[in-house]
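Colleague: This structure is in structure tokens; I'll ask about it shortly.
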Amino acid sequence: MAIFYIAAAVALIATVLAITRLSAVHSLLYLVVSLLALAIIFYAFGAPFVAALEVIIYAGAIVVFFIFVVMLLNQGAETMHIERLWLRPGVWAGPAILAAVLAGELAYVAVSSSTARSEAAMVGPREVGLALYGPYLIGVELASFLLMAGLVGAYHLGRRGTEKL
Amino acid sequence: MVQIPSSYGLILAATLFGLGLIGLLTRRNLIFSLMSIEIMLNAAGLAFIVAGARWAQADGQVMFIFILAMAAAEVSVGLALLMRIHREQQSLDGDAVSKLRG
Numbered sequence: 001m002a003i004f005y006i007a008a009a010v011a012l013i014a015t016v017l018a019i020t021r022l023s024a025v026h027s028l029l030y031l032v033v034s035l036l037a038l039a040i041i042f043y044a045f046g047a048p049f050v051a052a053l054e055v056i057i058y059a060g061a062i063v064v065f066f067i068f069v070v071m072l073l074n075q076g077a078e079t080m081h082i083e084r085l086w087l088r089p090g091v092w093a094g095p096a097i098l099a100a101v102l103a104g105e106l107a108y109v110a111v112s113s114s115t116a117r118s119e120a121a122m123v124g125p126r127e128v129g130l131a132l133y134g135p136y137l138i139g140v141e142l143a144s145f146l147l148m149a150g151l152v153g154a155y156h157l158g159r160r161g162t163e164k165l
Numbered sequence: 166m167v168q169i170p171s172s173y174g175l176i177l178a179a180t181l182f183g184l185g186l187i188g189l190l191t192r193r194n195l196i197f198s199l200m201s202i203e204i205m206l207n208a209a210g211l212a213f214i215v216a217g218a219r220w221a222q223a224d225g226q227v228m229f230i231f232i233l234a235m236a237a238a239e240v241s242v243g244l245a246l247l248m249r250i251h252r253e254q255q256s257l258d259g260d261a262v263s264k265l266r267g
């Protein structure tokens, strides 16, 4: 239980820091910390397979991809100055308050309808695999369609040969 | 392993989703927008995992795997678009991408 509290606190603090930094690289590092904390929370909820997947795929591939792109774009000191100008309190106060109200509503709805504790069983990779290649087989095929579409789209958008999209 | 109440996990998921939403609404840089979308997707995935753990079924984790695949495809296309935008206007201002207006 203490594991969940500590990991949840780390995830929240890291996410708050990630969305408030001026430099994109700092933000991405805090995002990695938040994703690792979420992986620990997944393990605490008895889902070791997706805890590993979160670290390998999300923190290890997607965020690394972000970092590559940020390094390629080579944002320097003038970008941080522009970010500081864009992040005046008049800009973030309104949306932050409204989104916080929404988050509070969402949390209230979640709490008031679920008074149950999770079962003590750990749902390992075997059960997930049986479910994926059993009832959810069509989802696996559709996910492969989606990834192929993403591949083709990213290839076309990234081409440097011609100027036309 | 001690069971964690589902409501705690759902509160955390709602809070993380709200934080991602705040990041998406307040930041003008496109990289921060994409990053906030990833935070929101993770929060939704956490809600699915909590729900799956509540009934000790694999369905929550299966849904999270699908969310992961979708996030990977979306990030690749989104970042490719971002690099094209940067090549065109040399800045990552989300408000400056307005050539379709009028």
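Read top to bottom, the protein sequences are chains Y and B.
So in this note's numbering, spot 155 of the first sequence is number 155, and the numbers just go up one at a time.
If you want this note's numbering, it's the 1-based position in the second sequence plus 165.
Note that the Cβ used here is the ideal one computed from N, Cα and C, for glycine as well.
For chain B, find out if any of its Cβ atoms is closer than 8 Å to the Cβ of Leu-146 (chain Y); answer yes or no.
Modeller: The sequence position of residue 146 (chain Y) within the first sequence is 146, counting from 1. Yes, Leu-146 (chain Y) lies at the interface with chain B (some Cβ there is under 8 Å from its Cβ).
Colleague: Under 8 Å, Cβ to Cβ, is there at least one residue of chain Y near Met-275 (chain B)?
Modeller: As shown, chain B starts at 166 and ends at 267. That puts residue 275 (chain B) outside it, with no answer to give.
Colleague: Looking at Val-63 (chain Y) and Leu-31 (chain Y), is the spacing between their C-beta atoms short of 8 Å?
Modeller: Locating residue 31 (chain Y) in the first sequence gives position 31, where the first residue counts as 1. Locating residue 63 (chain Y) in the first sequence gives position 63, where the first residue counts as 1. For Leu-31 (chain Y) and Val-63 (chain Y), yes; Cβs fall inside 8 Å.
Colleague: Please look up how many angstroms separate the CB atoms of Val-242 (chain B) and Leu-157 (chain Y), rounded, as I've assumed it's under 8 Å.
Modeller: Mapped onto the second sequence, residue 242 (chain B) falls at position 77. Mapped onto the first sequence, residue 157 (chain Y) falls at position 157. That pair is a contact at about 7 Å.
Colleague: Could you check whether the Cβ of Pro-95 (chain Y) sits closer than 8 Å to any Cβ belonging to chain B?
Modeller: On the first sequence, position 95 is the one that residue 95 (chain Y) refers to. Closer than 8 Å: yes.
Colleague: Going by Cα to Cα distance, which pick from Y:Leu-12, Y:Leu-17 and Y:Gly-134 is closest to Phe-182 (chain B)?
Modeller: Position 17 of the second sequence, counted from the first residue, corresponds to residue 182 (chain B). Minimum Cα distance to Phe-182 (chain B) is reached at Y:Leu-12.
Colleague: Does the ligand ATP have even one heavy atom less than 7 Å from the beta-carbon of Ala-7 (chain Y)?
Modeller: Judged by which ligands are present, the structure shown has none, so any question about the ligand ATP falls away.
Colleague: Considering Cα atoms alone, identify which of Y:Tyr-58, Y:Ala-52 and Y:Phe-49 is closest to Met-205 (chain B).
Modeller: For this step, residue 205 (chain B) is matched to residue 40 along the second sequence. Of the candidates Y:Tyr-58, Y:Ala-52 and Y:Phe-49, the one whose C-alpha sits nearest the C-alpha of Met-205 (chain B) is Y:Tyr-58.
Colleague: Looking at the secondary structure, which residues open and close the alpha helix (DSSP H) in which Ile-57 (chain Y) lies?
Modeller: Indexing the first sequence from 1 puts residue 57 (chain Y) at position 57. Segment: none, Ile-57 (chain Y) is in no alpha helix (DSSP H) and carries neither H nor E.
Colleague: The alpha helix (DSSP H) spanning Ser-256 (chain B) covers which residue range?
Modeller: Taking the first residue of the second sequence as 1, we reach residue 256 (chain B) at position 91. Element bounds for Ser-256 (chain B): n/a, residue is neither H nor E.
Colleague: If we count the other Cβ atoms within 10 Å of its Cβ and call it buried at 16 or more, is Tyr-133 (chain Y) buried or exposed?
Modeller: Locating residue 133 (chain Y) in the first sequence gives position 133, where the first residue counts as 1. With fewer than 16 other Cβ atoms within 10 Å, it is exposed.
Colleague: Quick one: grab the DSSP three-state call for Pro-48 (chain Y).
Modeller: By 1-based counting over the first sequence, the position of residue 48 (chain Y) is 48. Helix.
Colleague: Quick one: does Ser-172 (chain B) have its CB under 8 Å from some CB of chain Y?
Modeller: By one-based count along the second sequence, residue 172 (chain B) stands at place 7. So, interface residue.
Colleague: Going by beta-carbon coordinates alone, are Glu-147 (chain Y) and Ala-234 (chain B) separated by less than 8 Å?
Modeller: The residue you call residue 147 (chain Y) lines up with position 147 of the first sequence. The residue you call residue 234 (chain B) lines up with position 69 of the second sequence. First, the amino acid is wrong: residue 147 (chain Y) is Leu here, not Glu. Cβ distance < 8 Å, so Leu-147 (chain Y) and Ala-234 (chain B) count as in contact.
Colleague: Between Gln-255 (chain B) and Arg-126 (chain Y), what straight-line distance do the alpha-carbon atoms span, to the nearest angstrom?
Modeller: Along the second sequence, read from residue 1 onward, the residue named residue 255 (chain B) stands at position 90. Along the first sequence, read from residue 1 onward, the residue named residue 126 (chain Y) stands at position 126. Roughly 49 Å separates the two Cα atoms.
Colleague: Could you work out which residue in Y:Val-69, Y:Ala-24 and Y:Ala-7 is closest to Glu-83 (chain Y) when comparing CA atoms only?
Modeller: One-based indexing of the first sequence puts residue 83 (chain Y) at position 83. When only C-alpha atoms are compared, the closest one is Y:Ala-24.
Colleague: Listed in chain order, which residues of the segment 226-243 of chain B have Cβ atoms closer than 8 Å to some Cβ of chain Y?
Modeller: Gln-226, Val-227, Phe-229, Ile-230, Phe-231, Leu-233, Ala-234, Met-235, Ala-236, Ala-237, Ala-238, Glu-239, Val-240, Ser-241 and Val-242
Colleague: Taking just the CA atoms, how far does Leu-247 (chain B) sit from Gln-75 (chain Y)?
Modeller: If you number the first sequence from 1, residue 75 (chain Y) lands on position 75. If you number the second sequence from 1, residue 247 (chain B) lands on position 82. Cα to Cα, Gln-75 (chain Y) sits roughly 14 Å from Leu-247 (chain B).
Colleague: Leu-257 (chain B): buried (16+ other C-beta within 10 angstroms of its C-beta) or exposed?
Modeller: Here residue 257 (chain B) is taken as the residue at index 92 of the second sequence, counted from 1. With 16 or more other Cβ atoms within 10 Å, it is buried.
Colleague: Applying a beta-carbon distance threshold of less than 8 Å, which residues of chain B neighbour Leu-12 (chain Y)?
Modeller: Counting from one through the first sequence, the residue named residue 12 (chain Y) turns up at place 12. Neighbours of Leu-12 (chain Y) on chain B, chain order: Leu-177, Thr-180, Leu-181 and Leu-184.
Colleague: So, do the segment 180-197 of chain B and the segment 214-223 of chain B have three or more beta carbon pairs nearer to each other than 8 Å?
Modeller: no
Colleague: Could you tell me whether the Cβ of Ile-196 (chain B) comes closer than 8 Å to any Cβ of chain Y?
Modeller: What you label residue 196 (chain B) is simply residue 31 of the second sequence in a count that begins at 1. Ile-196 (chain B) counts as touching chain Y.
Colleague: Would you decide whether Tyr-5 (chain Y) is buried or exposed? Buried here means 16 or more other CB atoms lie within 10 Å of its CB.
Modeller: Within the first sequence, residue 5 (chain Y) is the residue found at index 5, counting from 1. So Tyr-5 (chain Y) ends up on the exposed side.
Colleague: Curious, which full-length alpha helix (DSSP H) runs of at least 4 residues does the segment 83-142 of chain Y contain?
Modeller: 89-113 and 125-132
Colleague: Is Ala-245 (chain B) close to chain Y? Criterion is C-beta to C-beta, closer than 8 Å.
Modeller: Numbered from its first residue, the second sequence carries residue 245 (chain B) at position 80. Flagged as an interface residue toward chain Y: Ala-245 (chain B), by a C-beta distance shorter than 8 Å.
Colleague: With a cut-off of 8 Å, does the C-beta of Arg-193 (chain B) fall near any C-beta of chain Y?
Modeller: Locating residue 193 (chain B) in the second sequence gives position 28, counting from the first residue. Chain Y, which has a Cβ nearer than 8 Å to the Cβ of Arg-193 (chain B), makes this yes.
Colleague: My assumption, with CB atoms under 8 Å, is that Ala-39 (chain Y) sits in contact with Val-123 (chain Y). Please give the rounded CB distance.
Modeller: Taking the first sequence and counting its residues from 1, the one referred to as residue 39 (chain Y) is at position 39. Taking the first sequence and counting its residues from 1, the one referred to as residue 123 (chain Y) is at position 123. Incorrect: roughly 15 Å between the Cβ atoms, too far for contact.
Colleague: Any beta-carbon of chain B closer than 8 Å to the one on Met-80 (chain Y)?
Modeller: Translated into positions along the first sequence, residue 80 (chain Y) becomes position 80. No, no contact with chain B.
Colleague: May I ask you to report which of helix, strand or coil DSSP gives Asn-74 (chain Y)?
Modeller: If you number the first sequence from 1, residue 74 (chain Y) lands on position 74. Reduced to three states, the DSSP call for Asn-74 (chain Y) is coil.
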